[in-house]
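So the structure is just underneath, and the comments pick up after that.
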Amino acid sequence: MGKNRKKTARKSKRDLRSILGIILFVSLVLSAIYTAVRLIFAPSASEAGEFDMQRSDYTLMLLQCILGIVVMLLPSLIERKWAVPIPSFIYILYYVFLYCAVFLGEVFNFYYRFAHWDTVLHAFSGAMLGALGFILVSLLNDAEKIHVQLSPFFVALFAFCFALAMGAVWEIYEYICDTLMQLNMQKYMSEAGEVFVGQAALQDTMADIICDALAALGVAVFGYLSLRRQQNVRKQPEAPQDGEMPAQA
Numbered sequence: 086m087g088k089n090r091k092k093t094a095r096k097s098k099r100d101l102r103s104i105l106g107i108i109l110f111v112s113l114v115l116s117a118i119y120t121a122v123r124l125i126f127a128p129s130a131s132e133a134g135e136f137d138m139q140r141s142d143y144t145l146m147l148l149q150c151i152l153g154i155v156v157m158l159l160p161s162l163i164e165r166k167w168a169v170p171i172p173s174f175i176y177i178l179y180y181v182f183l184y185c186a187v188f189l190g191e192v193f194n195f196y197y198r199f200a201h202w203d204t205v206l207h208a209f210s211g212a213m214l215g216a217l218g219f220i221l222v223s224l225l226n227d228a229e230k231i232h233v234q235l236s237p238f239f240v241a242l243f244a245f246c247f248a249l250a251m252g253a254v255w256e257i258y259e260y261i262c263d264t265l266m267q268l269n270m271q272k273y274m275s276e277a278g279e280v281f282v283g284q285a286a287l288q289d290t291m292a293d294i295i296c297d298a299l300a301a302l303g304v305a306v307f308g309y310l311s312l313r314r315q316q317n318v319r320k321q322p323e324a325p326q327d328g329e330m331p332a333q334a
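Per the working numbering, residue 86 is the first one in the sequence shown, and the count goes up by one each step.
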């Protein structure tokens, strides 16, 4: 009975994963086509009115849509190429994050419509990447060819550092795109084009990194406590069977 429930739960997660993947892919493809068309007729910065979408805005939107399509395919590629089993719930979280970040955030402009949209997404991604870090180390610990068993503390430390490193890589990507393509991914200027100065210009980047760190730390602490509890359960001596004498110290 229990096995059937587990199989049903796994199948439900796979079905949900497939549905969300299709929704995300179709949304990004249609958004990329729409943005490419709008980019052709969009005014330049000098021609645009105060509230008009400029070519740089559509360029950023198109870049994010194309990048979203590419990165949504990465987990499946990693699974097939290196035989790394990625749980369905990670796929589900990943697709939800991309949908909120690219489709809602960039295409529907949620980053400007909702003040803390970017903050929430960075906290979400930090937690998701922290969980992925735990999964990667668990795969190494369970691998028969690799005779290494990391302690719960080092597993948690790796998960935290992995999530924070991925957050830093993303900020580097945003900085490069802003520099080379004159975009505003790091939100160093307002929607009206006002350039921030001093600490205000760093606020978005540092808030993103801090959110990544706090979310990853929360997952790392929770994972550490879970691993310690599992470790303590394994160390407990098994109860003697009927008719057996308990082991002597």
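Think of the CB as a built atom: it goes at the ideal place given N, C-alpha and C, for glycine as much as any other residue. All of these numbers come straight from a predicted model, not from anything done at the bench.
Residues sharing a beta bridge with residue i, DSSP
{"i": "V280", "result": "M274"}
Residues near residue i by beta carbon distance below 7 Å, same chain, minus five either side
{"i": "F302", "result": "Note that residue 302 corresponds to Leu in the displayed sequence, not to Phe. F245, listed in sequence order."}
{"i": "P160", "result": "I171, Y176, Y179"}
{"i": "Y143", "result": "T120, R123, L124, A127"}
{"i": "F243", "result": "G218, V222"}
{"i": "M266", "result": "T144"}
{"i": "C185", "result": "L206"}
{"i": "M270", "result": "L145, E259, C262, D263"}
{"i": "L113", "result": "C150, G153, I154, V187, F188"}
{"i": "T93", "result": "none"}
{"i": "L109", "result": "M157, Y180, L183, Y184"}
Environment of residue i [buried if 16+ CB atoms lie within 10 Å]
{"i": "H207", "result": "buried"}
{"i": "M291", "result": "exposed"}
{"i": "E70", "result": "Here the chain has residues from 86 to 334 only, and residue 70 is not among them."}
{"i": "V240", "result": "buried"}
{"i": "F174", "result": "exposed"}
{"i": "Q321", "result": "exposed"}
{"i": "E279", "result": "exposed"}
{"i": "D100", "result": "exposed"}
Cutoff 6 Å; reference residue i; Cβ partners in own chain excluding five residues on either side
{"i": "E191", "result": "M146, Q149"}
For the stretch 198-257, list the alpha helix (DSSP H) runs that are entirely contained and at least 4 residues long, ordered along the chain.
Segments of the alpha helix (DSSP H) lying fully in the stretch 198-257: 202-227.
Just list the alpha helix (DSSP H) runs in the stretch 118-205, keeping only unbroken ones of 4 residues or longer that don't cross its boundaries, in chain order.
You should have 140-157, 159-167, 173-183, 195-198.
Would the stretch 252-262 count as touching the stretch 290-305 if we require 3 or more Cβ pairs under 8 Å?
Touching, yes, given that three or more Cβ pairs across the two stretches are closer than 8 Å.
Touch test, the stretch 277-297 against the stretch 306-325, Cβ-Cβ under 8 Å, three pairs minimum:
Between the stretch 277-297 and the stretch 306-325 there are fewer than three inter-stretch CB-CB distances shorter than 8 Å, so the stretches are not counted as touching.
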